[in-house]
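Worksheet: one structure, shown below.
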Amino acid sequence: MNYQVHASAIIDEGAQIGEGSRVWHFVHICAGARIGKGVSLGQNVFVGNRVVIGDHCKIQNNVSVYDNVTLEEGVFCGPSMVFTNVYNPRSLIERKNEYRDTLVRRGATLGANCTVVCGVTIGEFAFIGAGAVVNKDVPAFALMVGVPARQIGWMSEFGEQLPLPVSGRGAVYCDHERVRYVLDGKGLHKEPVGA
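Remember, my numbering sits 32 above the position in the sequence shown when you count from 1.
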């Protein structure tokens with residue numbers, strides 16, 4: 033075994049866990065889960081069967097990653113944030129064949145206690161504020177807050193808010209990354225300096 037597991041954790045036979053990952057107290061990982069390298073699963077995390085967690089993700093305490101959720105590399109899931117996989121659940125009606133896929137792209141941050149309603153895609157390096165409720169797709173680098181979540185700005189890959197309008201056009205240089213962020217009416221993207 034090339035990863036760390038606390039004695040209280042339950043890992044079902046068949047689960048795949050990458051090198052250097054850490055599985056803390058009271059975690060349950062189901063048999064079909066695929067977990068990458070260098071992942072940290074905090075206390076009381078649940079990982080379902082049809083879940084993919086990319087390399088270097090950090091999933092904080094009390095998060096359940098249910099079936100049909102995919103996290104790309106470097107996703108941060110804050111404490112007690114929530115994923116769903118059925119849009120209109122009822123206890124008396126079986127809807128396991130209606131699970132909706134949720135995709136969280138590389139480097140995105142999901143703040144503490146936020147909720148991600150199933151069936152959405154969260155763009156790379158997007159930042160979802162604490163307590164927000166995401167019920168629609170989120171653009172790359174977008175800063176989202178509120179219930180329901182609305183975009184109030186843009187975040188750099190480094191994790192700092194960029195002084196750009198939510199819509200329109202603009203550009204700003206990031207000292208940390210030594211790149212320029214360009215807002216061109218279609219979204220935000222990075223350009224090397226001098227481009």
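All C-beta atoms in this analysis are idealised placements derived from N, C-alpha and C, irrespective of residue type, glycine included.
What does DSSP give as the partner residue(s) for residue i in the beta ladder?
i	result
residue 218	Residue 218 is not bridged to any residue.
residue 224	211
residue 174	186
residue 165	147
Indicate the three-state DSSP secondary structure (helix, strand or coil) for residue i in the structure shown.
i	result
residue 130	helix
residue 197	coil
residue 192	coil
residue 150	coil
residue 33	coil
residue 159	strand
residue 202	strand
residue 136	strand
Identify which residue in the options has its Cα closest to the Cα of residue i.
i	options	result
residue 57	145, 92, 167	92
residue 225	71, 138, 211	211
residue 188	209, 67, 59	209
residue 40	118, 34, 55	55
residue 196	190, 115, 215	215
residue 205	59, 190, 64, 112	190
residue 179	172, 164, 168, 193	164
residue 232	144, 171, 140	Lying outside 33 to 227, the shown extent of the chain, residue 232 is not represented and no answer is given.
residue 102	218, 219, 81	81
residue 94	193, 120, 72, 167	72
residue 149	76, 60, 114, 218	114
residue 110	98, 220, 77	77
residue 200	220, 60, 117, 68	220
residue 99	166, 173, 47, 83	83
residue 65	45, 52, 203	45
residue 142	155, 128, 159	159
residue 117	104, 43, 79, 177	79
Please confirm whether residue i has its beta-carbon closer than 8 Å to some beta-carbon of chain D.
i	result
residue 188	Here there is only one protein chain, and chain D is not present.
* To do: Kindly confirm or deny that the region 125-134 and the region 180-191 touch, where touching means at least three C-beta pairs closer than 8 Å.
  => no
* **Ordered list of beta strand (DSSP E) runs contained in the region 46-132, each at least 3 residues** => Correct list: 83-85, 101-103.
* Asked: Should the region 79-90 be called in touch with the region 119-127, which here means at least 3 C-beta pairs below 8 Å?
  -> Result no; under three Cβ-Cβ pairs closer than 8 Å.
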